[in-house]
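All remarks here apply to the structure that follows.
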Amino acid sequence: MSIAGRLHRPEVAPVETRAGDVPAPRSPAAASLAVALRILGVCLLALAAIEVAFPSDTAAAADHTDASWWQATAIPLSALVFAAMGWLAWARRPANRTGAIMVVGAALLLAAGLANLPIAVFGAIATVLATAVLALLVHLLLAFPSGTLRTTTARVTVLAGYGVSLVMQVPLYLFDPASSPGGVLAAANRPGLAAAGAWAQQGAGAAVMLVTATICATRFARAKPHARWILAPLYLYGILAVIAVPLLPQLIVPLTGLSEATSSVLQVAVITVVPIAVGACMLLGGFARTSEVQELGAWLGARTHERESIRDALARALGDPSLRLMFWAPDPPGFVDGDGHPVSLPDPDGGRAFVTVRLAEAPVAAIEYDAALIEDPELVAAAGRVLALALEREQLTAALLASEREVRRSRIRIVEAGDRERDRIAQNLHDGLQADLVLLGLQAQGIADIPGAGTDVANAARALRRRIDEAAADLRALVHAVMPPALTQQGLTSAVEDLADRMPIPTLVTGSVSADLPPQVQSTAYFIVAEAITNAIKHAGAGRVAVHLGSVDGLVTIRVSDDGMGGATHGRAGMGLAGLRDRADALGGRLIVQSPAGAGTELIAELPCE
0 MSIAGRLHRP EVAPVETRAG DVPAPRSPAA ASLAVALRIL GVCLLALAAI EVAFPSDTAA
60 AADHTDASWW QATAIPLSAL VFAAMGWLAW ARRPANRTGA IMVVGAALLL AAGLANLPIA
120 VFGAIATVLA TAVLALLVHL LLAFPSGTLR TTTARVTVLA GYGVSLVMQV PLYLFDPASS
180 PGGVLAAANR PGLAAAGAWA QQGAGAAVML VTATICATRF ARAKPHARWI LAPLYLYGIL
240 AVIAVPLLPQ LIVPLTGLSE ATSSVLQVAV ITVVPIAVGA CMLLGGFART SEVQELGAWL
300 GARTHERESI RDALARALGD PSLRLMFWAP DPPGFVDGDG HPVSLPDPDG GRAFVTVRLA
360 EAPVAAIEYD AALIEDPELV AAAGRVLALA LEREQLTAAL LASEREVRRS RIRIVEAGDR
420 ERDRIAQNLH DGLQADLVLL GLQAQGIADI PGAGTDVANA ARALRRRIDE AAADLRALVH
480 AVMPPALTQQ GLTSAVEDLA DRMPIPTLVT GSVSADLPPQ VQSTAYFIVA EAITNAIKHA
540 GAGRVAVHLG SVDGLVTIRV SDDGMGGATH GRAGMGLAGL RDRADALGGR LIVQSPAGAG
600 TELIAELPCE
């Protein structure tokens, strides 16, 4: 698979970028990494200086030729190059493993250079890890630019490389005391086995290098033209390096007559240029961008049910775990999150920045990121262009959710307006007509009590008083039904308990809910309970009703069950359940009726508390 072969870039307009004019403060993660890398660099530099300053007796006794001096200093210098390039890459892309691989390469080179120190244990460590850097070279080439091994072939090749370098190295020091400093690692003196192991290691190593060169050449050939100039410094030289390193001691030295010391220096020099080539790619601007293309291209190529979210893919590719996606919603115009909630663009002075991704001149999304972790907005813009079509799909979903939320908010406003109108009507009836009826009742009683009034007049006045009192009672019941005082004064639980106390059949209320629920939720829940009890009495012939109130996971739950005849449905005429279902839907809730014939009815409602 090529680095960019599976990507289809849509035509997009230039992105808009914005960041603070004041340098953004470094995030804690970036600051910690910078400190750790400085400490690591100092340690590697100190170890390299020790290896050069304190050579072993063998090295000190060697002829003081230019080749001998270079042989003593080549490995520490190469390690410093690996460390410097790794430090630079790691600091710029903390989430990318390429920098870490090069830093490990520096450590392996310095471990191999321990052979120059006059301590047997250090020499043993150097012998064990003498060729490990060659395996790491394979790892670095095949993991570039994302820092991870994307294919099974690459993973098997790297694993084989480490096996050749570490496992097949064992016979050399196990059966050849001369190869084991101080005899620390030698188990027996078996020159034949040691020679056979050396030949096997060289052959297997050459095979691994050949496979690596083939993979690099294939990747370079399959890369799109715009990516080749970025990959050229590393892959072209990498192919040369993996071929030249095993051939130097086997073919080139015998043909040219170079000394062993010169051959070793040349091998180290060839290896050293590899991290420099990585640095060249980085300076050309392709290090981060190409790795993003590969990582995001792999995300696009994955099956939908297997891949992570687009936000997580962007965060991982860009190395910013705090990355946030915002999507454009046209009505009302503005940015929303993935759930359709309105969001604000970041403050430029807060260390955050963003780029706006456009498709066909229209805004699709905005990518907010940590300006301390990602200094170049164009890197974010490039990632946005790669995923523009996927972002458009997410944007359409977010815009739809935002539209649904706006519709729901408008329906909630209608419910709230209806409740306010109910409250106004109830208040007007209480303060107006009910007060008038009370006064009329008192006047009728006054007529009945007038001295000298005839018996017929007194009886008629008392009858009028009773009818007025009955009308006033009916009016109070109507006012209570329109907007019960207990609901507004004491909350849902008390209002339902008061309702149950006034029922003509046994009605049990269990559970409770908060008294601080939004008014529209309280009123809807109350009317659902009232309608369910009314239906149980009037239509189901129930002899007992049970009501349970509760709340879980941000939902108010209402459960009303009776022992009536059952058979209730949402659309049954005169039962009012259809209207209550619409009211519950307006709040984003739901209403369920379970009413098998002859087995009673159970009504379940769930209403969001927010």
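Going by numbering that gives the first Met the number 0, 219 is the number at position 220 of the sequence shown; the sequence numbering is gapless.
For each residue, glycine too, the CB sits at the ideal point set by N, CA and C.
Note that the structure is a prediction, hence the values are computed from the model and not measured.
Distance from Val-508 to Val-555 at the Cβ level is roughly 15 Å; contact not present, criterion being Cβ atoms closer than 8 Å. With 16 or more other Cβ atoms inside 10 Å of its own Cβ, Ile-366 counts as buried. Exposed is the label assigned to Ser-343, since fewer than 16 other Cβ atoms lie within 10 Å of its Cβ. According to the DSSP assignment, Val-544 belongs to the beta strand (DSSP E) that extends over 544-551.
Of the residues assessed, Thr-126 falls on the buried side of the cut-off, its CB having 16 or more other CB atoms within 10 angstroms. Taking one beta carbon from each stretch, the segment 587-596 and the segment 500-516 have fewer than 3 pairs nearer than 8 Å; the two do not touch.
Look at the beta carbons and you see the segment 108-117 not touching the segment 141-151: under three pairs across the two are nearer than 8 Å. Of the residues assessed, Val-546 falls on the buried side of the cut-off, its CB having 16 or more other CB atoms within 10 angstroms. Residue burial annotation: Glu-469 is exposed, with fewer than 16 other C-beta atoms found within 10 angstroms of its C-beta.
In this structure, the beta-carbon distance from Leu-136 to Val-273 falls below 8 Å. Residue pairing for Gln-593: DSSP places it in a beta bridge opposite Glu-601. Excluding its 5 nearest sequence neighbours in each direction, Asp-336 has C-beta neighbours in its own chain below 6 Å: Val-342, listed in chain order. The criterion of a C-beta distance shorter than 8 Å is not satisfied by Gly-191 and Pro-245. Looking from the CA of Phe-326, the closest CA among Ala-361, Gly-349 and Ala-231 belongs to Ala-361.
Closest in alpha carbon position to Gln-489, among Phe-334, Ala-471, Gly-318 and Ser-513, is Ser-513.
About 6 Å separates the beta carbons of Pro-607 and Leu-586, which is inside the 8 Å limit, making them a contact pair. If you check the CB distance, Ala-539 and Met-564 come in under 8 Å. When secondary structure is reduced to three states using DSSP, Pro-362 falls in the strand class. By the criterion of a C-beta distance shorter than 6 Å, Gly-549 is surrounded in its chain by Gly-510 and Thr-556, once the five residues flanking it on both sides are discounted. The Cβ neighbour count for His-340, taken over all protein chains shown within 10 Å, is under 16; the residue is labelled exposed.
For Phe-334, the enclosing beta strand (DSSP E) starts and ends at 332-335.
Around the beta-carbon of Thr-523, 16 or more other beta-carbon atoms lie within 10 Å, marking it buried.
In this structure, DSSP gives Asp-561 an extended state, which the three-state scheme calls strand. At least 8 Å separates the beta-carbon of Ala-535 from that of Ala-529.
For the pair Asp-369 and Asp-319, the CB atoms are nearer than the 8 Å cut-off. Under a 10 Å Cβ-count criterion, Ala-134 is classified as buried, with 16 or more other Cβ atoms of the shown protein chains found around its own Cβ. Its chain contains no residue whose beta carbon lies nearer than 6 Å to that of Pro-329 once the 5 sequence neighbours on both sides are disregarded. Between Ala-382 and Leu-313, the gap from beta carbon to beta carbon is short of 8 Å.
Non-local C-beta neighbours of Val-241 in its own chain, meaning closer than 6 Å and more than five positions away in sequence, comprise Met-208, Thr-211 and Ala-212, ordered along the chain.
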